[in-house]
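**Student:**
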Amino acid sequence: MRRVTPDTIAVVDLAVCDRCGLCLPLCPPEAIHLELNILTVDDATCTGCEKCIAPCPVGALAMTPLIPSPQPMAPAHA
Amino acid sequence: MPDVDVLVVGAGPAGAVAAWEAKRAAPELDVVLLERDRAVGSPVRCAEGVGDAGLREFAIPDGADWASRRITRVIFQAPDDTEVLVAERDIGWVLDRTRFDAHLAAEAAREGTEVRVGAEATAMIRNGGGGGDGRWHVQVKERGREETYRARIVIGADGVETMVGRWAGLDTRVPARDMESCAQYVLQGIDFDPDAIYLQFSDAIAPGGYAWIFPKAVGVANVGLGLVALKTDGRNARQYLDAWIARRFPNGARTGFTVGGVIVHTTIKKTYAGGVMVAGDAAHMINPLSGGGIINAMKAGRLAGCTAAAAIREGDTSERRLSAYHLAWMELLGEDHLKYYRIKQALEHMDDAFLNSLARTVNKIPREKRSIGRIFTHALIKHPQLIPVAARFFV
Numbered sequence: 005m006r007r008v009t010p011d012t013i014a015v016v017d018l019a020v021c022d023r024c025g026l027c028l029p030l031c032p033p034e035a036i037h038l039e040l041n042i043l044t045v046d047d048a049t050c051t052g053c054e055k056c057i058a059p060c061p062v063g064a065l066a067m068t069p070l071i072p073s074p075q076p077m078a079p080a081h082a
Numbered sequence: 038m039p040d041v042d043v044l045v046v047g048a049g050p051a052g053a054v055a056a057w058e059a060k061r062a063a064p065e066l067d068v069v070l071l072e073r074d075r076a077v078g079s080p081v082r083c084a085e086g087v088g089d090a091g092l093r094e095f096a097i098p099d100g101a102d103w104a105s106r107r108i109t110r111v112i113f114q115a116p117d118d119t120e121v122l123v124a125e126r127d128i129g130w131v132l133d134r135t136r137f138d139a140h141l142a143a144e145a146a147r148e149g150t151e152v153r154v155g156a157e158a159t160a161m162i163r164n165g166g167g168g169g170d171g172r173w174h175v176q177v178k179e180r181g182r183e184e185t186y187r188a189r190i191v192i193g194a195d196g197v198e199t200m201v202g203r204w205a206g207l208d209t210r211v212p213a214r215d216m217e218s219c220a221q222y223v224l225q226g227i228d229f230d231p232d233a234i235y236l237q238f239s240d241a242i243a244p245g246g247y248a249w250i251f252p253k254a255v256g257v258a259n260v261g262l263g264l265v266a267l268k269t270d271g272r273n274a275r276q277y278l279d280a281w282i283a284r285r286f287p288n289g290a291r292t293g294f295t296v297g298g299v300i301v302h303t304t305i306k307k308t309y310a311g312g313v314m315v316a317g318d319a320a321h322m323i324n325p326l327s328g329g330g331i332i333n334a335m336k337a338g339r340l341a342g343c344t345a346a347a348a349i350r351e352g353d354t355s356e357r358r359l360s361a362y363h364l365a366w367m368e369l370l371g372e373d374h375l376k377y378y379r380i381k382q383a384l385e386h387m388d389d390a391f392l393n394s395l396a397r398t399v400n401k402i403p404r405e406k407r408s409i410g411r412i413f414t415h416a417l418i419k420h421p422q423l424i425p426v427a428a429r430f431f432v
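Protein chains in written order, with my numbering: chain C, 5 to 82; chain B, 38 to 432.
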């Protein structure tokens, strides 16, 4: 698991991805998976290092802001 | 729960040969060969070129339907398109991988291997520890059903994206500088020498790698390139290839497209664990100079299959027993790949102007006298920059 929460993480555009698997061994925390012909980036494991972005032969990977999950709201009082 | 002796994950050249060698060495074993895709040999992610001598150790190409084209010449092209012909006889073949991989899988089946297509391994854990029998429990998804295979030995021949290696705790990651990003079209209706493969080296065309033309038939070829993303101007491999083809073959019909990664590194530090061996691209068993991996994969598959058969017969599938596979591979080719890797590093400093000048030097040697030794000697005299490269041949 990563130690620091990154500002951005990798996302894959499945309409462009060719499922070649090139990005899997490039990922230092092994956050990218290819299963049943679907490539996924685990957003809890991705460290935002960007090592997978440029090598993609078709440009299917990009960085996107990691939006923190919203805090639970305080109960409203009438 | 199906109980098998050897479970081979991935029915490419490494996996098919591993399966048939295990079965041939020990016919009493249950060997199962899994292929994730619905057809063995598809999709093709390969330029499909192999050397003649290496191929013949495993299959006879003459007249075979899986051999597209016999190659008798290699043409190196400098960045300015100066051609350097290296003429030899029986250099190699361009395969039809769809048929070739199916042929290898059929050979494995003929030996008694059970081949299962559309069957994907999705996880595996070892029943180890104190009371465990040391077998691997492998989850396999097949037509929507999930089954657990119990295997004495798992051979991971699952390619560049290997999961078997990861599940076994092996480090199969690769630094970005040693990953070639490749793109390739099948082009029809183009003009070139159909008996030659063409390799063009240039930082402007394919930085850190090369572009290729591998003939499939007269007027038809795999036309592609591999590059190192760290050295590019920001375009991806497909964009570089589109630019090269627009210049070289503007009228070619693009009837196929594929992409993939070629790991131009050296063999992973450890290719085995208790009850597991990884082979081929999964273990980075690729010639780091040429990027060739098919014959390497088959040779590794043969070693893994034979080691698996012997280990099971001896009743010892421990990590220590399977380390014999790693040692045999390193002796056969792994040590050579370490040398090639050092040469690759030295060659990285040659720029386009130097390559153009080198091509003209070599072309002054009469064609019939153009042996590798003579080319090397001439090149060293005219281009002292090459001396550090030459030195690396001997270290």
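Where a beta carbon is used, it is the ideal one built from N, C-alpha and C, also for glycine.
1) By the three-class DSSP mapping on this structure, what secondary structure does His37/C have?
2) With a cut-off of 9 Å, does the C-beta of Glu372/B fall near any C-beta of chain C?
3) Rank Arg285/B, Glu179/B, Met216/B, Ala188/B by C-alpha distance to the C-alpha of Ile162/B and give the top, closest one.
4) Glu72/B lies in the beta strand (DSSP E); which residues open and close that run?
5) What residues in its chain sit with their C-beta under 8 Å from that of Ala101/B, if we drop five residues either side in the sequence?
6) Going by beta-carbon coordinates alone, are Ile227/B and Phe251/B separated by less than 9 Å?
7) Inspect the beta-carbon positions of Thr44/C and Val16/C and report whether they are closer than 9 Å.
8) Which stretch, first to last residue, makes up the beta strand (DSSP E) that contains Ser105/B?
9) Among residues of its own chain, excluding the 5 on either side of Arg285/B, which ones have a beta-carbon nearer than 6 Å to its beta-carbon?
10) Taking all protein chains shown into account, decide if Gly410/B is buried (16 or more other Cβ within 10 angstroms of its Cβ) or exposed.
11) Can you give me, in chain order, the residues of the region 298-320 of chain B that have a beta carbon less than 8 Å from any beta carbon in chain C?
12) Can you check whether the CB of Ala341/B is closer than 9 Å to the CB of Ala55/B?
13) Closer than 7 Å between beta carbons: that is the criterion. Which residues of the region 40-61 of chain C meet it against chain B?
14) How would you list, in chain order, the residues of chain B whose beta-carbon sits under 7 Å from the beta-carbon of Asp22/C?
15) Quick one: list the residues of chain B neighbouring Pro32/C, beta-carbon separation under 9 Å, in chain order.
16) Could you say which of Ala316/B, Gly245/B, Gly371/B lies nearest to Ala53/B if we only look at CA atoms?
17) When you check each C-beta in the region 194-225 of chain B against every C-beta of chain C, which residues fall closer than 7 Å?
18) Give a yes or no on whether the C-beta atoms belonging to Ala14/C and Leu65/C are separated by under 9 Å.
19) With a cut-off of 9 Å, does the C-beta of Leu28/C fall near any C-beta of chain B?
20) Do you know offhand how far Leu370/B's Cα is from His363/B's?
21) Compare the Cα-Cα distances from Val260/B to each of Ala266/B, Trp249/B, Leu267/B and report the closest residue.
22) Between Leu224/B and Arg153/B, is the Cβ-Cβ spacing less than 9 Å?
23) Please decide whether Leu18/C counts as near chain B, where near means a Cβ-Cβ distance under 9 Å.
24) What does Leu38/C touch in chain B if you count any residue whose Cβ is under 7 Å from its own?
25) Let's see if you can read the secondary structure: which residues bound the beta strand (DSSP E) around Ile227/B?
26) Report the start-end ranges of each beta strand (DSSP E) in the region 248-304 of chain B that is 3 residues or longer and not cut off at the edges.
27) According to DSSP, simplified to helix, strand and coil, what is Lys55/C?
28) Going by DSSP, what residue range makes up the alpha helix (DSSP H) through Thr199/B?
29) I'd like to know if Gly330/B contacts chain C, where contact means its C-beta is closer than 9 Å to some C-beta of that chain.
30) Would you be able to state if there are at least three C-beta pairs under 8 Å between the region 119-129 of chain B and the region 401-408 of chain B?
31) With a threshold of 9 Å between beta-carbons, can Leu267/B be considered close to chain C, or not?
32) Does the region 291-304 of chain B come within contact of the region 23-31 of chain C, defined as at least 3 CB pairs closer than 8 Å?
33) To the nearest angstrom, how far is the alpha carbon of Thr49/C from that of Asn164/B?
34) Identify, in the order they occur along the chain, each residue of the same chain with its Cβ nearer than 6 Å to the Cβ of Ala345/B, setting aside the five sequence neighbours on each side.
35) Quick check: what's the CA-CA separation for Ile305/B versus Leu92/B?
36) Nearest to Ala158/B by CA position, among Asn41/C, Cys60/C, Pro61/C, is which residue?
**Tutor:** Per the coordinate set shown:
1) strand
2) no
3) Ala188/B
4) 68-72
5) His140
6) no
7) yes
8) 104-114
9) none
10) exposed
11) Gly298, Ile300
12) yes
13) Leu40, Lys55, Ala58, Pro59, Cys60, Pro61
14) Val296
15) Arg210
16) Ala316/B
17) Gly196, Val197, Glu198, Arg203, Thr209, Arg210, Val211, Ala213, Met216, Ser218, Cys219, Ala220
18) yes
19) yes
20) 11 Å
21) Trp249/B
22) no
23) no
24) Glu198
25) Note, Ile227/B: premise wrong, no beta strand (DSSP E); not H, not E.
26) 257-265, 290-300
27) coil
28) Careful: Thr199/B lies outside any alpha helix (DSSP H) and carries neither H nor E.
29) no
30) yes
31) yes
32) yes
33) 27 Å
34) Val43, Ala59, Ile190
35) 24 Å
36) Asn41/C
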